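J.: One structure coming up, written as structure tokens, with questions to follow.
There are 2 protein chains.
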Amino acid sequence: MQSAAAARLDAIFFALSDGTRRSILERLARGEAGVNELKEAFSITQPAISRHLKVLERARLIRRSRDAQRRPARIETHAVAEAAKWIEHYQQVWEASYQRLDLLLADELKKRKRT
Amino acid sequence: MQSAAAARLDAIFFALSDGTRRSILERLARGEAGVNELKEAFSITQPAISRHLKVLERARLIRRSRDAQRRPARIETHAVAEAAKWIEHYQQVWEASYQRLDLLLADELKKRKRT
DNA sequence: ACTTTATATAATGCATCGGTTATATAACTA
DNA sequence: TAGTTATATAACCGATGCATTATATAAAGT
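Chains A and B, in that order, are what the protein sequence lines are. Sequential numbering of the first sequence, starting at 17, is according to the working numbering. Sequential numbering of the second sequence, starting at 17, is according to the working numbering.
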């Protein structure tokens with residue numbers, strides 16, 4: 017079984033892998049919105065929007081609240097920060113390895129000059 | 017039709033949405049590896065590894081080269097930077113909106129104090 | 001030429017995606 | 001209670017995902 021952290025990253029990156037969902041997030045970053053408002057902005061049906069929101073909710077990229085019949089969605093910042101953290105860590109590991117390689121090559125050059 | 021940039025982000029985030037693929041990337045961040053070496057590290061079959069590499073290649077998260085029969089994979093840094101950039105931009109937009117909301121609330125408070 | 005090694009591809013099975021239409025539910029309104 | 005509004009859920013469809021096993025290809029070695 018995967019770790020819980022890995023499963024969360026799965027859900028987050030998967031949610032971000034769809035252009036419509038990223039657009040929804042960008043819309044929500046400017047303020048909360050309900051299903052109907054989003055439906056207008058993206059010309060797909062209401063059920064399609066509801067399902068996208070469910071995916072975003074599963075990844076905890078959004079939270080939903082209640083306002084009479086409306087169930088406005090709003091951004092939850094923690095999840096995307098998790099994704100950012102993974103990327104950052106990954107880049108650091110790569111950077112470290114790249115620098116080691118750099119030294120290795122420099123070393124190799126020195127040896128060749130000597131012989 | 018989606019923009020080319022959006023399609024690239026789709027591919028990148030999708031590639032990152034699988035734990036095995038992220039692990040492969042982390043392994044590759046420490047140095048190039050061929051299909052067989054990866055197969056040992058992750059207990060899945062060789063065709064499964066080949067397919068994961070294809071997904072990573074499609075997202076341009078890796079490049080492959082040739083070394084006799086081996087086709088070692090290595091990290092390509094540009095793609096993950098694109099993902100990082102989207103996240104950063106998104107966070108900034110959210111931050112801006114959050115600050116506007118802050119001001120709005122502060123304003124609202126002032127009004128209430130006055131009345 | 002034959003064998004070995006490394007990898008790719010095809011065929012298959014089962015699950016999930018992303019959209020649709022049709023229908024159900026929940027919350028308010030007259 | 002009946003009607004309206006906002007959203008959710010179910011059923012379906014065609015496409016795709018991810019794993020498997022079996023087979024093909026590419027490059028070297030003998």
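No residue lacks a Cβ here, since even glycine has one placed at the ideal position from N, Cα and C. All values reported here derive from a predicted model rather than from experimental measurement.
Starting from the Cα of residue 111 of chain A, find the closest Cα among B:106, B:47 and B:98 and give me that residue.
T.: Within the first sequence, residue 111 of chain A is the residue found at index 95, counting from 1. With distances taken between Cα atoms, residue 111 of chain A lies closest to B:47.
J.: Run down chain B in chain order and give the residues with a C-beta less than 8 Å from the C-beta of residue 30 of chain A.
T.: Sequence index remark: in the first sequence, residue 30 of chain A carries index 14 (1-based). The answer, in chain order, is 29, 30 and 33.
J.: For the region 71-93 of chain B, which residues have a CB atom closer than 8 Å to at least one CB atom of chain A, in sequence order?
T.: Answer set for the region 71-93 of chain B: 91 and 93.
J.: Could you list which residues in chain B have their beta carbon closer than 9 Å to that of residue 67 of chain A, in chain order?
T.: As a first step, residue 67 of chain A is located in the first sequence; it is residue number 51 there, counting from the start. The premise fails here: residue 67 of chain A is roughly 17 Å from chain B at the closest Cβ pair, so nothing lies under 9 Å.
J.: Cutting at 6 Å between CB atoms, please list the residues of its own chain near residue 86 of chain B, excluding the five before and the five after it.
T.: As a first step, residue 86 of chain B must be located in the second sequence, where it is residue number 70. Excluding positions up to five away in sequence, the list reads 50.
J.: Would the region 96-106 of chain A and the region 94-114 of chain B be scored as touching if the rule is three or more Cβ pairs under 8 Å?
T.: Enough Cβ pairs lie closer than 8 Å, so yes.
J.: Given residue 75 of chain B, which residues of its chain have a CB within under 6 Å of its CB, disregarding the five upstream and five downstream residues?
T.: Within the second sequence, residue 75 of chain B is the residue found at index 59, counting from 1. If we look at residue 75 of chain B and ignore the five residues flanking it on each side, its Cβ neighbours are 27, 28, 31 and 95.
J.: Which chain A residues are close to residue 45 of chain B, counting only those with a beta carbon under 8 Å from its beta carbon?
T.: Counted from its first residue, the second sequence places residue 45 of chain B at position 29. Near residue 45 of chain B (Cβ distances below 8 Å), the residues of chain A are 106, 109, 110 and 113.
J.: Give the secondary structure of residue 103 of chain A by DSSP, where H, G and I count as helix, E and B as strand, and everything else as coil.
T.: As a first step, residue 103 of chain A is located in the first sequence; it is residue number 87 there, counting from the start. Residue 103 of chain A: helix per DSSP, three-state reduction.
J.: Using a threshold of 6 Å, is the CB atom of residue 114 of chain A nearer than that to any non-hydrogen atom of the ligand ADP?
T.: Looking at this structure, you won't find the ligand ADP or any other ligand, since it has none at all.
J.: How is residue 26 of chain B classed by DSSP in three states: helix, strand or coil?
T.: Here residue 26 of chain B refers to the residue found at position 10 of the second sequence. Helix.
J.: What does residue 38 of chain A touch in chain B if you count any residue whose Cβ is under 9 Å from its own?
T.: For the purposes of this step, residue 38 of chain A is taken as residue 22 along the first sequence, with counting starting at 1. Within chain B, the residues near residue 38 of chain A are 22, 25, 26, 29, 102 and 106.
J.: Inspect the beta-carbon positions of residue 65 of chain B and residue 72 of chain B and report whether they are closer than 7 Å.
T.: For the purposes of this step, residue 65 of chain B is taken as residue 49 along the second sequence, with counting starting at 1. For the purposes of this step, residue 72 of chain B is taken as residue 56 along the second sequence, with counting starting at 1. No, these two residues do not count as a Cβ contact at 7 Å.
J.: Restricting to Cα atoms, I'd like to know which of A:68, A:113 and A:79 is closest to residue 93 of chain A.
T.: If you number the first sequence from 1, residue 93 of chain A lands on position 77. If we check each option's Cα against that of residue 93 of chain A, A:79 comes out closest.
J.: Of the choices B:108, B:90, B:35 and B:113, whose alpha-carbon is the least far from that of residue 60 of chain B?
T.: Looking up residue 60 of chain B in the second sequence gives position 44. Cα-wise, what sits closest to residue 60 of chain B is B:35.
J.: With a Cβ-Cβ cutoff of 7 Å, do residue 91 of chain A and residue 25 of chain A count as a contact?
T.: Within the first sequence, the letter at position 75 stands for residue 91 of chain A. Within the first sequence, the letter at position 9 stands for residue 25 of chain A. Not in contact: residue 91 of chain A and residue 25 of chain A (Cβ atoms no closer than 7 Å).
J.: Starting from the beta carbon of residue 54 of chain A, find every residue of chain B whose beta carbon is closer than 8 Å, and list them in chain order.
T.: Translated into positions along the first sequence, residue 54 of chain A becomes position 38. None at all; the shortest Cβ gap to chain B is about 16 Å.
J.: Opposite residue 43 of chain B in the DSSP bridges: which residues?
T.: Position 27 of the second sequence, counting from 1, holds the residue named residue 43 of chain B. DSSP lists no partner for residue 43 of chain B.
J.: Would you mind giving the Cβ-Cβ distance between residue 89 of chain A and residue 69 of chain A, rounded to the nearest angstrom? I have them listed as a contact below 8 Å.
T.: For the purposes of this step, residue 89 of chain A is taken as the residue at position 73 of the first sequence. For the purposes of this step, residue 69 of chain A is taken as the residue at position 53 of the first sequence. With a Cβ gap of about 6 Å, residue 89 of chain A and residue 69 of chain A count as contacting.
J.: Between residue 33 of chain B and residue 33 of chain A, which are expected to be in contact by the criterion C-beta below 8 Å, what is the C-beta distance as a whole number of angstroms?
T.: Within the second sequence, numbered from 1, the residue matching residue 33 of chain B stands at position 17. Within the first sequence, numbered from 1, the residue matching residue 33 of chain A stands at position 17. About 6 Å separates the two Cβ atoms, so the contact holds.
J.: Taking 7 Å as the limit between beta carbons, can you name the residues of its chain near residue 113 of chain B, skipping five residues before and five after?
T.: As a working note, residue 113 of chain B is residue 97 in the second sequence. Around residue 113 of chain B: no qualifying Cβ.
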